[in-house]
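In structure tokens:
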């Protein structure tokens with residue numbers, strides 16, 4: 067698993083231009099937080115303090131029925147191959163050179179991920195939550211990102227209807243914060259913004275030196 071310093075990016079999915087004042091009410095889940103129809107794709111422009119600017123492409127490539135739920139696989143590349151299979155994957159559900167099959171789904175409580183080492187042994191599949199949805203202001207929960215260890219990360223909902231402008235447009239978003247440095251509870255160093263119905267719109271760190279913005283997208287729910 068590559069270092070977390072290059073993991074800036076993965077913000078995309080659901081446009082809704084709105085100039086109204088932020089109103090942190092509960093978001094009614096009328097749309098999927100990340101639409102996962104096969105063929106959906108997102109393009110990001112990213113910058114990090116190590117490798118400079120890059121273009122990241124993420125797409126939904128396949129699906130698998132597990133019980134009553136449909137799960138999807140995601141793949142990614144970059145324009146200069148600096149970290150193509152990694153950027154955004156920890157936060158959306160891609161495996162980084164691991165000998166396993168990774169699948170994600172929009173379930174009743176949010177966006178879930180799970181892994182299989184053998185597609186013939188689906189009974190071993192145990193999904194876990196990545197993004198709580200619907201979300202309320204100040205919700206806090208634990209999530210396990212694919213960062214090369216088995217540690218849980220604290221995630222907090224900072225905003226539920228914040229307006230975010232990126233090259234792809236202006237979106238009303240949910241803002242999640244999470245701690246990747248293992249510091250004391252209540253300290254958050256990365257922030258991701260989701261527009262339900264479109265997906266991740268922006269990812270940024272606390273320094274502002276590492277970020278990714280949605281440049282274009284093509285999605286169907």
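Residue numbers (our numbering): 67 to 287.
In this text, a Cβ means the ideal position worked out from N, Cα and C, and glycines have one as well.
Heavy atom of the ligand FMN within 7 Å of residue i beta-carbon
i           : result
residue 234 : With respect to the ligand FMN, the structure shown offers nothing to examine, as it has no ligands at all.
Euclidean distance between Cα positions of residue i and residue j
i           : j           : result
residue 182 : residue 191 : 6 Å
residue 267 : residue 241 : 10 Å
residue 284 : residue 219 : 30 Å
residue 276 : residue 126 : 25 Å
residue 229 : residue 187 : 43 Å
residue 140 : residue 128 : 7 Å
residue 205 : residue 223 : 5 Å
residue 257 : residue 130 : 30 Å
residue 134 : residue 231 : 37 Å
residue 272 : residue 136 : 35 Å
residue 180 : residue 193 : 4 Å
residue 289 : residue 239 : The displayed coordinates of the chain run from 67 to 287. Any statement about residue 289 would go beyond what the structure contains.
Nonlocal neighbours in the same chain, by C-beta distance under 7 Å from residue i, ignoring five residues either side
i           : result
residue 281 : 109, 110, 111, 233, 234
residue 289 : Given that the chain is displayed from residue 67 to residue 287, the structure contains no residue 289 and the question cannot be resolved.
residue 254 : 222, 243, 244, 245
Within 8 Å, strictly: CB atoms of residue i and residue j
i           : j           : result
residue 274 : residue 122 : no
residue 167 : residue 185 : yes
residue 246 : residue 172 : no
residue 210 : residue 226 : no
residue 177 : residue 138 : no
residue 99  : residue 237 : no
residue 265 : residue 97  : no
Residues near residue i in its chain [Cβ-Cβ closer than 6 Å; skip 5 each side]
i           : result
residue 207 : 198, 221
residue 132 : 188, 191
residue 119 : 113
Boundaries of the beta strand (DSSP E) in which residue i is found, first to last residue
i           : result
residue 122 : 118-132
residue 280 : 277-284
residue 140 : 135-144
residue 261 : 256-261
residue 110 : 107-114
residue 172 : 167-173
residue 232 : 219-232
residue 240 : 235-244
residue 203 : Note, residue 203: premise wrong, no beta strand (DSSP E); not H, not E.
Minimum Cβ-Cβ distance from residue i to chain D less than 8 Å
i           : result
residue 137 : The structure shown contains no chain D, having only a single protein chain.
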